[in-house]
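So the structure is just underneath, and the comments pick up after that.
There are 2 protein chains.
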Amino acid sequence: MTELYRYIKERTMKSIRGRIFLNVMLFFSLALAATPAQAADPLLSWNDGPTKQAIVKFVGDVTREGGPNFVAEPERIATFDNDGTLWAEQPMYFQLAFALDRVKALAPQHPEWKDKEPFASLLKGDLKSALAGGEPAIFQIVMATHAGMTTAEFEQIVKDWIATAKHPKTKRLYTEMVYQPMLELLTYLRANGFKTFIVSGGGIEFMRPWTEKVYGIPPEQVVGSSIKTNFELRDGKPVLVRLPELNFIDDKADKPVGINQHIGRRPILAFGNSDGDLQMLQWTAAGSGMRFMGIVHHTDADREWAYDRTSHIGTLDKALDEANAKGWIVVDMKKDWKRIYLFEQ
Amino acid sequence: MTELYRYIKERTMKSIRGRIFLNVMLFFSLALAATPAQAADPLLSWNDGPTKQAIVKFVGDVTREGGPNFVAEPERIATFDNDGTLWAEQPMYFQLAFALDRVKALAPQHPEWKDKEPFASLLKGDLKSALAGGEPAIFQIVMATHAGMTTAEFEQIVKDWIATAKHPKTKRLYTEMVYQPMLELLTYLRANGFKTFIVSGGGIEFMRPWTEKVYGIPPEQVVGSSIKTNFELRDGKPVLVRLPELNFIDDKADKPVGINQHIGRRPILAFGNSDGDLQMLQWTAAGSGMRFMGIVHHTDADREWAYDRTSHIGTLDKALDEANAKGWIVVDMKKDWKRIYLFEQ
């Protein structure tokens, strides 16, 4: 490399074209080398205060070469829950809204559903009765809408839905209901050499079709729940068929299992919003060196929703106690976030 | 950014320290920007010929912006089998050698093994009798040596073994028995914006402790077979305990399943060496646009080993037929590789 460097340096110093080349190279190296501290505030949608300071301090500490808390770039793993942490989850998980829309779309092909629960109630618009069947009912709805097609077909179904379906309250696309402060945090972390992952109880193949565009997180950095798939040759063409059989539920004590299985390294930063994220936060906290454990606390009934200990969706109870006991960072949505969604200008 | 660039450029042009800074920046930008075409031959250990030409042409085509075969960087996914593709696999899979060494190391804690197959035969050095029990015998050996400890403990066991164990024929460390031409290929692909993954039937946690150092492939880009793990709090400290229960066998028709589960994108380049890789190659080939399917054919009995259709290890039969029928690239180790290991200077 040294010889190559000398050769190109000599060449570039001699000619105008070479100097342009050198300048272009310099520009790119500066673009890479420039740290957010030199640039405009990368966390514009965060109000100034202890929460924002804690984030900036952590990132500064682990990226300061030679400092006592320095973490080498490959070890800068950051994991984020999705529902309630990166995008909203009320009045129901968005993936459940997807499943309900799919039941309606598929109903003409399933005349038997009008006499069969949980579908009959769903088709009458009676969600409460439909879900009265508990987990078996949800399992039936998920499998009827998520299995039986190839992975490519399912991807297209998700893409079509996510591009058109609107949230019942805001009338916005679901992908507009992502938290702007968290988007800024993801970008800020990546600009500081972090690799950002989603670790969600949501379906891995429900998220992947849009996470790269919306969060800048590529499919290979999405960890989630899954059903089994089977490799088949159809007319000589290989396909993966989605089977009505659970493979992995990426929630609670299985979040660290999913992290280990998929990433194989312990995060140094993790963000969640519910008790389903507690073990991920504990797993993150248990590593050596400096760690950041964050919880998004939904405290803003006006701009978003306010819920925690007694909510059925995104229950935040034990994790809130542990956060308080251990000094983890609890984001007070109402106080800490200047704005929540990009559309509320 | 432009202003910052101008400021630093002016500053750097003025002072000696600045010029040193500029040179350092230039060095790094060249290191990043230098394409293999400008640099010395990146595939030095490959003999000139159609195989090497096919690789260089493929990489040139998919990276040529504006060209008909251009592939955007995030889609440049390359997957490699490990045993027999990146490192040797004779006279037995290296992970089996690890398991046998572990049986010996653990024998004092298991006095019952001297009367219990397959352990009794193994401890007498009679591998053939030990493996006569077929898959159940192998399962017992794997579980006795790979389960029952935490993931952190297992990682340390693997690190210790890989740093010291020697191959019976070459007397070299196993990590020295990696194919130099394939290391160069991995580096060449990464320099051209590819993300390189291992997709191996080997144990994911057996590979991860050393793949980053040896192949430049980080843990999160290793896909492999696994056993189940369980999250536990031990004295308040979270651990993942390895259970004697299979989770996933990443082989044959389950290689595309593993790729989809873990990466969520179809590779545009895949390399294998046996029938266990056939479905991964088919899955790769079935995508749209330009594709590269490669097979390492073990043809060199002098420098390595020669085996294919009738070998018990790394059987290459159906995949060789399909490669020939479909024009996939078959690497003739004897003819195409100038050298095999770095230690054979």
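Read top to bottom, the protein sequences are chains A and B. In this text, residue positions in the first sequence follow the numbering used here: the first is 1, and each later residue adds one. In this text, residue positions in the second sequence follow the numbering used here: the first is 346, and each later residue adds one. For glycine and all other residues, C-beta sits at the position ideal for the given N, C-alpha and C.
So is residue 699 of chain B in contact with chain A if we call contact Cβ pairs under 7 Å? The question about residue 699 of chain B has no answer here: the residues shown for chain B are numbered 346 through 690.
Check the Cβ-Cβ distances between residue 156 of chain A and every residue of chain B, and say whether any is below 7 Å. Here residue 156 of chain A refers to the residue found at position 156 of the first sequence. It does not; no Cβ of chain B falls within 7 Å.
Any chain A beta carbon closer than 7 Å to residue 608 of chain B: Taking the first residue of the second sequence as 1, we reach residue 608 of chain B at position 263. Yes, its Cβ sits closer than 7 Å to a Cβ of chain A.
Status (buried if at least 16 other CB within 10 Å, exposed otherwise) for residue 45 of chain A: Locating residue 45 of chain A in the first sequence gives position 45, where the first residue counts as 1. It is buried - the Cβ of residue 45 of chain A has at least 16 other Cβ atoms within 10 Å.
Please tell me whether residue 246 of chain A has its Cβ less than 7 Å away from any Cβ of chain B. Walking along the first sequence from the start, residue 246 of chain A turns up at place 246. It does not; no Cβ of chain B falls within 7 Å.
Could you tell me the distance, in whole angstroms, from the CA atom of residue 689 of chain B to the CA atom of residue 518 of chain B? Here residue 689 of chain B is taken as the residue at index 344 of the second sequence, counted from 1. Here residue 518 of chain B is taken as the residue at index 173 of the second sequence, counted from 1. If you take the alpha carbons of residue 689 of chain B and residue 518 of chain B, they lie about 14 Å apart.
Taking C-beta to C-beta, are residue 586 of chain B and residue 554 of chain B nearer than 7 Å? Walking along the second sequence from the start, residue 586 of chain B turns up at place 241. Walking along the second sequence from the start, residue 554 of chain B turns up at place 209. No; because the gap between Cβ atoms is not below 7 Å, this pair is not in contact.
At what residues does the beta strand (DSSP E) containing residue 416 of chain B begin and finish? Here the question's residue 416 of chain B lines up with position 71 in the second sequence. Premise fails: residue 416 of chain B is in no beta strand (DSSP E) and is neither H nor E.
Which residues does DSSP pair with residue 237 of chain A in a beta bridge? Reading the first sequence from its first residue, position 237 is the one you call residue 237 of chain A. Residue 237 of chain A pairs with A:234.
What's the gap between the Cα of residue 283 of chain A and the Cα of residue 62 of chain A? Here residue 283 of chain A is taken as the residue at index 283 of the first sequence, counted from 1. Here residue 62 of chain A is taken as the residue at index 62 of the first sequence, counted from 1. Taking the straight line joining both Cα atoms gives about 18 Å.
Helix, strand or coil for residue 591 of chain B per DSSP? On the second sequence, residue 591 of chain B is found 246 positions in, with the first residue counted as 1. In the structure shown, residue 591 of chain B sits in a strand (DSSP, three-state: E or B).
Which residues of chain A have a Cβ atom closer than 8 Å to the Cβ of residue 627 of chain B, listed in chain order? Along the second sequence, one-based indexing puts residue 627 of chain B at 282. Going along chain A in sequence order, the residues near residue 627 of chain B (Cβ under 8 Å) are 233 and 238.
Using DSSP's beta-bridge definition, name the partner residues of residue 495 of chain B. As a position in the second sequence, residue 495 of chain B is number 150, starting the count at 1. Residue 495 of chain B is bridged to B:586.
Just to confirm my understanding: we take residue 598 of chain B, look at its own chain, exclude 5 residues before and 5 after, and list those with CB closer than 6 Å. What are they? In the second sequence, the residue the question calls residue 598 of chain B occupies position 253. 624, listed in sequence order.
What whole-angstrom Cβ distance do residue 78 of chain A and residue 183 of chain A have, given they're in contact under 8 Å? Here residue 78 of chain A is taken as the residue at index 78 of the first sequence, counted from 1. Here residue 183 of chain A is taken as the residue at index 183 of the first sequence, counted from 1. No, residue 78 of chain A and residue 183 of chain A are not in contact; Cβ-Cβ is about 13 Å, not under 8 Å.
Helix, strand or coil, according to DSSP, for residue 428 of chain B in the structure here? Position 83 of the second sequence, counting from 1, holds the residue named residue 428 of chain B. Here residue 428 of chain B sits in strand by DSSP.
Helix, strand or coil for residue 293 of chain A per DSSP? Taking the first sequence and counting its residues from 1, the one referred to as residue 293 of chain A is at position 293. Residue 293 of chain A: strand per DSSP, three-state reduction.
How many Å lie between residue 207 of chain A and residue 166 of chain A at the Cα? Sequence index remark: in the first sequence, residue 207 of chain A carries index 207 (1-based). Sequence index remark: in the first sequence, residue 166 of chain A carries index 166 (1-based). Cα to Cα, residue 207 of chain A sits roughly 17 Å from residue 166 of chain A.
Would you identify the three-state DSSP class for residue 685 of chain B, choosing helix, strand or coil? As a first step, residue 685 of chain B must be located in the second sequence, where it is residue number 340. Residue 685 of chain B falls in the coil class under three-state DSSP.
Identify the contact partners of residue 553 of chain B in chain A, using a Cβ-Cβ distance below 9 Å as the criterion. As a working mapping, residue 553 of chain B is identified with position 208 in the second sequence. Neighbours of residue 553 of chain B on chain A, chain order: 264 and 265.
Examine chain A for any beta-carbon lying closer than 7 Å to the beta-carbon of residue 348 of chain B, and answer yes or no. On the second sequence, residue 348 of chain B is found 3 positions in, with the first residue counted as 1. Note on residue 348 of chain B: pLDDT 43, under 50, position unreliable in the model; no value is reported.
Pairwise C-alpha distance: residue 142 of chain A and residue 246 of chain A: Here residue 246 of chain A corresponds to residue number 246 of the first sequence, with the count starting at 1. Here residue 142 of chain A corresponds to residue number 142 of the first sequence, with the count starting at 1. Approximately 10 Å between the Cα atoms of the pair.
Please go through the region 200-234 of chain A and give each complete beta strand (DSSP E) segment of 3 or more residues, from N-terminal end onward. 222-234
Spell out whether any CB of chain B is found under 7 Å from the CB atom of residue 42 of chain A. Position 42 of the first sequence, counted from the first residue, corresponds to residue 42 of chain A. By this cut-off, residue 42 of chain A is not an interface position.
Count the other CB atoms, across all protein chains shown, that sit within 10 Å of the CB of residue 53 of chain A; report buried if there are 16 or more and exposed otherwise. To locate residue 53 of chain A, count along the first sequence from 1; it is residue 53. That one is exposed.
Residue range of the alpha helix (DSSP H) that includes residue 615 of chain B: Taking the second sequence and counting its residues from 1, the one referred to as residue 615 of chain B is at position 270. First-last for residue 615 of chain B: 614-617, but that is the beta strand (DSSP E), not the alpha helix (DSSP H).
I want to verify the contact list: residues of chain B whose CB lies under 7 Å from the CB of residue 253 of chain A, in sequence order. Sequence index remark: in the first sequence, residue 253 of chain A carries index 253 (1-based). What residue 253 of chain A touches in chain B: 576.
List the whole-angstrom C-beta distance separating residue 225 of chain A from residue 249 of chain A, where the pair is believed to meet the contact cut-off of C-beta under 8 Å. Working through the first sequence from its first residue, we reach residue 225 of chain A at position 225. Working through the first sequence from its first residue, we reach residue 249 of chain A at position 249. With 8 Å as the limit, residue 225 of chain A and residue 249 of chain A qualify as a contact, their Cβ atoms being about 5 Å apart.
Could you check whether the Cβ of residue 324 of chain A sits closer than 7 Å to any Cβ belonging to chain B? On the first sequence, position 324 is the one that residue 324 of chain A refers to. No, residue 324 of chain A does not count as interfacial toward chain B.
Taking the alpha-carbon positions, what's the residue 550 of chain B to residue 670 of chain B distance? Counted from its first residue, the second sequence places residue 550 of chain B at position 205. Counted from its first residue, the second sequence places residue 670 of chain B at position 325. Answer to the nearest angstrom: the Cα atoms are 36 Å apart.
Distance cutoff 7 Å, beta carbons only. Does residue 496 of chain B sit that close to anything in chain A? Against the second sequence, residue 496 of chain B aligns to sequence position 151. Yes, because at least one Cβ of chain A sits closer than 7 Å to the Cβ of residue 496 of chain B.
From the beta carbon of residue 440 of chain B, is the nearest beta carbon of chain A less than 7 Å away? Position 95 of the second sequence holds residue 440 of chain B. It does not: the Cβ of residue 440 of chain B has no partner Cβ on chain A nearer than 7 Å.
Can the beta-carbon of residue 47 of chain A be found closer than 7 Å to that of residue 198 of chain A? Taking the first sequence and counting its residues from 1, one reaches residue 47 of chain A at position 47. Taking the first sequence and counting its residues from 1, one reaches residue 198 of chain A at position 198. No, Cβ-Cβ distance for residue 47 of chain A and residue 198 of chain A is not below 7 Å.
For the alpha helix (DSSP H) containing residue 61 of chain A, name the first residue and the last one. For the purposes of this step, residue 61 of chain A is taken as the residue at position 61 of the first sequence. Start and end: 50-63.
Nearest CA to the CA of residue 41 of chain A: which residue from A:89, A:129, A:187 and A:239? For this step, residue 41 of chain A is matched to residue 41 along the first sequence. Here the closest residue by C-alpha is A:187.
Going by DSSP, what residue range makes up the beta strand (DSSP E) through residue 362 of chain A? Any answer about residue 362 of chain A is impossible in this case: the structure gives chain A only from 1 up to 345.
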